[in-house]
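K.L.:
Please read through the structure below; I'll follow up with questions.
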Amino acid sequence: MHPADPVAQTDPAARPTGATPPAGRSRAGRPPAALLVPAAVAAVFALLPLGYLAIRSLEHGPAFAWGVIADERTAQLLGRSLGLAAVVVAACLVLGVSLAWLTVRTALPGARAWSVLVTLPLAVPSYVAGFAWLSAFPALAGFAGAAVALTLVSFPYVYLPVTAALRGTDPAQEEVSRSLGHGPLKTFLRVTLPQLRPAAAGGAVLVALYVFSDFGAVSLMRYDTFTRGIYTSYRASFDRTPAAALSVVLVVMTIALVAAEARSRGRAGHARTGTGTARPAIPLALGRWRLPALAWCAVVTGTAVLTPLATCGYWLAVGNSATWEPDTLADTAATTLGVAAAGAALTTLLALPVAVIAARHRGRTATLLEHSAYAGHALPGITVALSLVFFAVRYAEPIYQELPLLVCAYAVLFLPVAVAGTRAAVLQSPPVLEDVARSLGRSPLKVLREVTVPLAAPGVAAGAALTFVVCMKELPATLLLRPTGMDTLATRLWTETGTGSFAAAAPYAAALILLAAVPSYLLGRHRT
Amino acid sequence: MTDLHVTGLSKAYGPGAPVLDGLDLTVPQGALAAVLGPSGCGKTTLLRIIAGFLRSDAGTLTIGGRTISGPGVHLPPEQRRIGIVPQEGALFPHLSVARNVAFGLPGADRSTRQRRTEEMLELVGLSGYGDRMPHELSGGQQQRVALARALAPEPALVLLDEPFNALDSALRTGVRADVRAALQATGATALLVTHDQQEALSTADLVAVVRGGRVVQCDTPHEVYRRPADPWVAAFVGDAVLVAGTADHNNVETALGRIPLTAPTGELRQGVVVLRPEQLHLVDPDAAEAGGTVTDVRFYGHDAMVTVAVDGIDEAIAVRVPGQAAARPGERMGIEVTGEATLHAAAM
Chain A
1 MHPADPVAQT DPAARPTGAT PPAGRSRAGR PPAALLVPAA VAAVFALLPL
51 GYLAIRSLEH GPAFAWGVIA DERTAQLLGR SLGLAAVVVA ACLVLGVSLA
101 WLTVRTALPG ARAWSVLVTL PLAVPSYVAG FAWLSAFPAL AGFAGAAVAL
151 TLVSFPYVYL PVTAALRGTD PAQEEVSRSL GHGPLKTFLR VTLPQLRPAA
201 AGGAVLVALY VFSDFGAVSL MRYDTFTRGI YTSYRASFDR TPAAALSVVL
251 VVMTIALVAA EARSRGRAGH ARTGTGTARP AIPLALGRWR LPALAWCAVV
301 TGTAVLTPLA TCGYWLAVGN SATWEPDTLA DTAATTLGVA AAGAALTTLL
351 ALPVAVIAAR HRGRTATLLE HSAYAGHALP GITVALSLVF FAVRYAEPIY
401 QELPLLVCAY AVLFLPVAVA GTRAAVLQSP PVLEDVARSL GRSPLKVLRE
451 VTVPLAAPGV AAGAALTFVV CMKELPATLL LRPTGMDTLA TRLWTETGTG
501 SFAAAAPYAA ALILLAAVPS YLLGRHRT
Chain F
1001 MTDLHVTGLS KAYGPGAPVL DGLDLTVPQG ALAAVLGPSG CGKTTLLRII
1051 AGFLRSDAGT LTIGGRTISG PGVHLPPEQR RIGIVPQEGA LFPHLSVARN
1101 VAFGLPGADR STRQRRTEEM LELVGLSGYG DRMPHELSGG QQQRVALARA
1151 LAPEPALVLL DEPFNALDSA LRTGVRADVR AALQATGATA LLVTHDQQEA
1201 LSTADLVAVV RGGRVVQCDT PHEVYRRPAD PWVAAFVGDA VLVAGTADHN
1251 NVETALGRIP LTAPTGELRQ GVVVLRPEQL HLVDPDAAEA GGTVTDVRFY
1301 GHDAMVTVAV DGIDEAIAVR VPGQAAARPG ERMGIEVTGE ATLHAAAM
């Protein structure tokens, strides 16, 4: 898990389990070997770090590993991570559900514009938010700062599924409740809210996952959670087994959450079946609550979106040529583009066979491959980076602290993003087209080349663009694996903010915000 | 020779009742056969097995004497020379109309391919549409391009999977006639899968009625309608009037009078007699030996359906009357029967 792409995670098609295969038809036959072999390579690749982490943490024997895990310090970190997650989740639920209801069900002036504005914070990387709040209010450093920064970037994870659930529920049910004598508030509490619970729970799990795996915001706010503890432990000692043991605990925590997420999503699906085509609800008139409602939306989106922008603007204005260093900025930007392009290319290449098999062939092999590819979804960036360090030091010394290792880390981390995008793109074209092509004399591989891939191309390209942008924004794995002396926009921002040079950090923050806007724009275009 | 023989075809998805249960079907060369059945009867499974997208559990398929599927044999779809026209056409959205039609033509000679494509488009009445993209065509035009695409490589057999379903009823009749004409012009053997009995009766040379994974009757449309294999088939292919009867040589005695049988019934004496509502006529109560009280009149425009509670029969029977019905509920009417009837064992 990583502060990656919001859309890939909230899109139902991004789901490895429980997703419905192509409508109705069973796709008989095993996938052709030409697909199966590269897909298997991708799956093994995705699982390798996880397996190696387990081996490495037990290197000094289970007793040593248990010693690290049972340590008082570990319990402390665990408590801090859980506490932060609890506060952020609660805040996100309040913000997400209230804004969803206001924008979907009420006659809020400018509801459409609000519904776009409210999702913008997703595009802000957590460490940019961390930079913004820390540089504006240095006193926030610590728990409060981490909680504020994380809440304001992750509440859309609740907002989006709840909005979808609200749109999906049949307004006729609410009308029935009203006709049976319940007022609007009672109807909301007794009829609407219970139906939103699965969606809100799913969103809450995503937020918790985000908090657990976040490295940027907590480390800038100097609040010690698991991820920061792992990083410190790795930097502090030549013996990397303690860091590995801590990573295992973090991985177990995130896997438990991913499992919870899958379950809550499964239930959400059931809750929504049978609603049929819901007629749009008649928006509720707000009356004298109009102004407070508007103010609430304005305050939330204002703090979440405007604070980072305004802070950047302020520090850019304050900074001078000495702090600006346009040459370094240009160099860093070019490096970032190059690394991210390599990462996106490798990721997309690995994702294609897995995605086609996942979309077009049902069966145990397909499920196994797809689940393996989604391992990165459950792994915090820092643990993937650590496991690749271990692996490289042992078996691939020449690429340790070299570019290829970093590119591999991106591929492991963002394979789920690329697989989800590609799979959705393949699913969009009806399988009957492939049947027709077969009946007209094409072999399975030719069908893939002439029909499946050309039809999915726009979606695959969008997925690749998305992967490219999340690679550019990646922080923890880049910090650990980058070649000595290499910097990306994210690592520069992190270093400058860490030393309190806010004016020097601002250009990098601005560049990252601009970048983050790209996928939103692309996805928006792709959908319309 | 491109006649299709299906023998003992079986298919089950997991345990439970099989979808196809020893299905036999023969379609002579050049014929258009309709596979007619309710949803879930296995007709789509049959089509997918013939096309090669699914493997059967047992049974053989031969086309023109060549076994394409059987014990130890399973030709992949691309080697079967079977064209398919799916529901809603399924044109390749990224290719122009001409390139869609040319998709199945062997790659060798460009000018030959071009000529064949134009020929096919002309056949389906769409010459000059080659440069259009699929989304620029209407539903009916897309369906005709899909047919041209299937026919272009001169397949041994063409499968049509409820191809007229997505079209609105006004368009359907026209496209149906065009498809029939195009198939006849090429002399292709074709199998049309449908659940619409009107479509099957009006389009096909042969109708195979499928129930529970077997063909229960395969005959010309006229025979299937006139001489259904059993009362279920009778009711499935059209409106049926069922009354009890006792056979007496070439006639059957019923509460509606004595009716000639289409064929001698052999051993069967007592059973159910199947008539069509248009075989019954309302007459003056005194002019006929059978009669009853009108209970309901439903007007359909070109005809009307009059429900009559006949003396001596428990269930009311339907009488089709051309134009406006000259009967009102509560009125007494005599009933006369014309034409022949079939007699079936009562167990159905």
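Protein chains in written order, with my numbering: chain A, 1 to 528; chain F, 1001 to 1348. Built from N, CA and C at the ideal position, the CB exists for glycine as well. Here the structure is a predicted model, which means the values were calculated and not measured.
Determine, using beta carbons only, whether V451 (chain A) comes closer than 8 Å to chain F.
P.N.:
yes
K.L.:
Using a cut-off of 7 Å between C-beta atoms, extract the partners of R364 (chain A) located in chain F.
P.N.:
By Cβ distance, chain F contributes nothing, its closest Cβ being about 15 Å from R364 (chain A), past 7 Å.
K.L.:
Taking beta-carbon pairs under 9 Å, can you tell me which members of the stretch 199–216 of chain A lie near chain F?
P.N.:
none
K.L.:
Under the DSSP definition of a beta bridge, which residues are partnered with L1159 (chain F)?
P.N.:
F:I1084, F:L1191
K.L.:
Ends of the beta strand (DSSP E) at M1333 (chain F)?
P.N.:
1332–1337
K.L.:
Taking DSSP as the reference, what is the three-state secondary structure of T105 (chain A)?
P.N.:
At residue 105 (chain A) the sequence reads Arg, which differs from the Thr that was named. Helix at R105 (chain A).
K.L.:
Please list the segments of the beta strand (DSSP E) lying wholly inside the stretch 1244–1324 of chain F, counting only runs of 3 or more residues, in order along the chain.
P.N.:
The qualifying runs are 1251–1254, 1257–1260, 1270–1275, 1280–1283, 1290–1299, 1303–1310, 1317–1322.
K.L.:
Taking the straight line between their C-alpha atoms, what separation do you get for Y1129 (chain F) and V426 (chain A)?
P.N.:
28 Å
K.L.:
Would you call the CB atoms of A1208 (chain F) and E1088 (chain F) closer than 8 Å?
P.N.:
no
K.L.:
Strictly below 9 Å CB to CB, what residues from chain F border P430 (chain A)?
P.N.:
P1086, E1088, A1090
K.L.:
Taking one C-beta from the stretch 1190–1199 of chain F and one from the stretch 1162–1178 of chain F each time, how about it: are there three or more such pairs within less than 8 Å?
P.N.:
yes
K.L.:
Mapping the DSSP letters down to three states, classify S1358 (chain F) as helix, strand or coil.
P.N.:
The question about residue 1358 (chain F) has no answer here: the residues shown for chain F are numbered 1001 through 1348.
K.L.:
Between which two residues does the alpha helix (DSSP H) carrying C312 (chain A) extend?
P.N.:
307–318
K.L.:
Please return the same chain residues whose Cβ sits closer than 7 Å to the Cβ of D1024 (chain F), not counting the five positions on each side in sequence.
P.N.:
V1006, T1007, G1008, V1215
K.L.:
What's the gap between the Cα of R1048 (chain F) and the Cα of E1122 (chain F)?
P.N.:
Taking the straight line joining both Cα atoms gives about 29 Å.
K.L.:
With respect to the alpha helix (DSSP H) encompassing D331 (chain A), which residues constitute its N-terminal and C-terminal limits?
P.N.:
326–360
K.L.:
Do you know how far the Cα of A358 (chain A) is from the Cα of V37 (chain A)?
P.N.:
Between the alpha carbons of V37 (chain A) and A358 (chain A) lies a gap of roughly 14 Å.
K.L.:
Check whether the stretch 383–392 of chain A touches the stretch 433–441 of chain A, taking contact to mean three or more Cβ pairs, one atom from each stretch, closer than 8 Å.
P.N.:
no
K.L.:
When you compare only the Cα positions, how much space is there between F226 (chain A) and S81 (chain A)?
P.N.:
When rounded, the distance between both Cα atoms is 6 Å.
K.L.:
Taking C-beta to C-beta, are A392 (chain A) and L405 (chain A) nearer than 8 Å?
P.N.:
yes
K.L.:
Can a CB atom of chain F be found closer than 8 Å to the CB of G441 (chain A)?
P.N.:
Yes, its Cβ sits closer than 8 Å to a Cβ of chain F.
K.L.:
Grab me the residues of S126 (chain A)'s own chain with a C-beta within less than 7 Å of its C-beta, minus the 5 sequence neighbours each way, in chain order.
P.N.:
P3, A149, L150, V153, D214, G216, A217
K.L.:
On the DSSP bridge list, what partners appear for R1372 (chain F)?
P.N.:
With chain F running from 1001 to 1348 in the structure shown, residue 1372 (chain F) is simply not present.
K.L.:
Are the C-beta atoms of P454 (chain A) and some chain F residue less than 8 Å apart?
P.N.:
Yes, P454 (chain A) lies at the interface with chain F (some Cβ there is under 8 Å from its Cβ).
K.L.:
Using a Cβ-Cβ cutoff of less than 6 Å, which residues in the same chain neighbour V453 (chain A) once the five nearest sequence positions on both sides are dropped?
P.N.:
none
K.L.:
At the level of alpha carbons, what is the spacing between A511 (chain A) and L489 (chain A)?
P.N.:
8 Å
K.L.:
Inspect the beta-carbon positions of R1231 (chain F) and Q1217 (chain F) and report whether they are closer than 8 Å.
P.N.:
Here residue 1231 (chain F) is Pro; the residue named in the question, Arg, does not match the sequence. Going by C-beta atoms, P1231 (chain F) is not nearer than 8 Å to Q1217 (chain F).
K.L.:
Would A411 (chain A) and G343 (chain A) be called neighbours here (beta carbons separated by less than 8 Å)?
P.N.:
yes
K.L.:
Assuming H377 (chain A) and V258 (chain A) make a contact with CB atoms under 8 Å, what is their CB distance in whole Å?
P.N.:
7 Å
K.L.:
Is there contact between the stretch 1270–1288 of chain F and the stretch 1232–1240 of chain F, where contact requires at least three CB pairs shorter than 8 Å?
P.N.:
yes
K.L.:
Going by C-alpha distance, which of A:A477, A:P292, A:V469 is nearest A409 (chain A)?
P.N.:
Closest option to A409 (chain A), Cα to Cα, is A:A477.
K.L.:
Please confirm whether V460 (chain A) has its beta-carbon closer than 8 Å to some beta-carbon of chain F.
P.N.:
no
K.L.:
Roughly how many angstroms separate the alpha carbons of L122 (chain A) and T254 (chain A), rounded to a whole number?
P.N.:
Their backbone Cα atoms lie some 20 Å apart in a straight line.
K.L.:
Please confirm if P1093 (chain F) has its CB atom under 8 Å from at least one CB of chain A.
P.N.:
yes
K.L.:
Which class does G978 (chain F) belong to by DSSP, given the choice of helix, strand or coil?
P.N.:
Because chain F in this structure spans residues 1001 to 1348, residue 978 (chain F) falls outside the shown range and cannot be described.
K.L.:
Compile a chain-ordered list of the residues in the stretch 1024–1053 of chain F whose CB is closer than 7 Å to at least one CB of chain A.
P.N.:
A1051, F1053
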